[in-house]
Amino acid sequence: MVKIDSIALPTGASLPLLGLGTWLSKDERQLHRAIEAAIDVGYRLFDTAFLYETEAGVGNALFDCIQSGRVKREDLFITTKLPFTAHTPSDVVDVVEQQLRTLKTGYIDLYLIHCPCATKHKDGSYVPLVEDGRFAVDDVDYLDTWKALEKLHKQGKLKVEIHLYFPQKELREFCKARNITMTAYAPLGSPGRKAFQYGGFWPEGEPLKDPLVANIARKHKKTPAQVLLKYLIQDGIVAIPKSTNIEHIRENSNIFDFKLDEGDITKLDRVERRVRLFIFDYFGHHPCYPMNDQDPSKFGKVVFGSF
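Residue numbering for the sequence shown follows full-length UniProt numbering, starting at 1 and increasing by one per position.
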């Protein structure tokens, strides 16, 4: 079993620096096997979300692992997220209660607002309401959403897209100065992201295939994935690579027996290519669209049928 390093949060909790992401992992049997293997390897951080539709699979697998004695609940760190269709204060409480039941747990270790762009939902469910081919904008202020969450729990934490081609250096320095722990979404560049077909645009970028990463991997006798994860974790950033491939899960955990030297870090920092891989163009019409490095006026219209 691998000993995965942790970072101390301002609350006193310990957050593992490496976890398992579950986006696009809807095959519940496959996900169950992957989580069992991850537990046996040493993973204790598991990231899911209402919108991933993986909370039931994660909850069932972790519950079974607890019941079988593989792990204790107090040793796990479960992260999930508030869907953008449930930003009104009353919906916040309702959906959290649903998620607790689905995850088969009495508490959630970390709860995040999935996206600041609130949308309306269909009556009787949190399925997005689509009008004229777009998500119907809800005018609820995300500050009101946050206040509702504060009544449930308080914790300083931030999760954003970070990888070799989108290192977020200014934001990292901002967070370090304020003792905010960052989690890297898509730390490997999300090579399987295009499996999510929504009619919009996916920017091109494959950090796993970068020649510099390959050279550093050969130097340390590691894989490109291990180098990309170490590049973040060595800087105190939590990484949650998504995988249901058991060999990849094991490979990703084998990063605590080496260090990148100063020369490696400098070269990786100086990679010239910069690209945000997740532009969320289907929210380009929303008044709270958060990507200030994007120009929504240049987006093509993303037309949804129905959900």
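Where a beta carbon is used, it is the ideal one built from N, C-alpha and C, also for glycine. Fair warning: this is a prediction, and the values are worked out from it, not measured in the lab.
Closest option to residue 12, judged by alpha-carbon separation, among 263, 180 and 282: 180. Using a C-beta cut-off of 8 Å, the region 265-275 makes no contact with the region 35-54, since fewer than three inter-stretch Cβ pairs fall below that distance. Annotation for residue 223: 217 and 251 place their beta carbon closer than 7 Å to its own, counting only its chain and skipping 5 residues before and after.
Counted as a single uninterrupted DSSP element, the stretch harbouring residue 253 is not any beta strand (DSSP E) but the alpha helix (DSSP H) occupying residues 246-253. Note that the C-beta distance between residue 260 and residue 164 is not below 8 Å. When rounded, the separation of the alpha-carbon atoms in residue 57 and residue 29 is 8 Å. Inside the UniProt domain "NADP-dependent oxidoreductase" (160-271), DSSP marks whole beta strand (DSSP E) runs of 3 or more residues at positions 181-185, from first to last along the chain.
Counting the other Cβ atoms within 10 Å of the Cβ of residue 239 gives 16 or more, which makes it buried.
The continuous alpha helix (DSSP H) containing residue 100 extends over residues 89-103.
When secondary structure is reduced to three states using DSSP, residue 80 falls in the strand class. Between residue 196 and residue 281, the beta carbon gap of about 13 Å keeps them out of contact (Cβ cut-off 8 Å). Under the DSSP assignment, residue 64 falls in the alpha helix (DSSP H) whose first and last residues are 55-67. Collapsing the DSSP output to three states places residue 7 in a strand.
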